[in-house]
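J.:
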Amino acid sequence: MNISTIGAIIKKERESCGLTQGVLAKVSHVSRVTIVNLENGKVGDIGAVKLSEIAENVGISLFSMGKKVDFIKMTLGNVNTSYKNAMSKSDLEQFMLSGKIQPGLEGQVLHLIDETPTSLVSSTVKQIAAKK
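So the sequence shown is numbered by our numbering: it starts at 142 and just counts up by one.
Have a look at this one:
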């Protein structure tokens with residue numbers, strides 16, 4: 142499998158997850174340009190570890206390790222982008238289970254509602270529900 146094929150698969154899976162290139166870039170700790178170039182098969186020197194991390198963030202395992210996608214982590218990466226105080230995993234779980242917003246986290250909740258792809262929120266809810 143070559144980088145063009147991997148990039149096309151990542152693009153297809155990213156779109157099916159409802160993720161933007163920007164969100165995938167943030168949670169993968171790369172630039173949006175890297176995601177664009179990868180999806181177009183024109184990425185330069187990208188390491189196997191970084192490529193694997195990007196792929197895992199859209200639910201693809203390049204290396205058979207049985208690791209599942211952590212939608213909670215992806216959602217937190219999205220909602221905590223522009224805020225001084227970060228929403229924790231337990232804060233997110235508590236909000237999604239109770240509907241109650243912790244003081245100081247109103248901005249993150251608004252970001253969750255307004256900016257986070259519905260499919261990512263849905264997958265996060267399913268992951269939290271499966272834990273309970």
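All C-beta atoms, glycine included, are put in the ideal place defined by N, C-alpha and C.
What's the C-alpha gap between G148 and L192?
T.: 10 Å
J.: Does the segment 206-225 come within contact of the segment 250-264, defined as at least 3 CB pairs closer than 8 Å?
T.: yes
J.: Can you give me the Cβ contacts of S150 inside the same chain, cut-off strictly under 7 Å, excluding the 5 residues immediately before and after it?
T.: Here residue 150 turns out to be Ile, not Ser, going by the sequence shown. Counting only Cβ-Cβ distances below 7 Å, and skipping sequence neighbours, we find I201.
J.: Please look up how many angstroms separate the CB atoms of S169 and N198, rounded, as I've assumed it's under 8 Å.
T.: 5 Å between Cβ atoms; contact.
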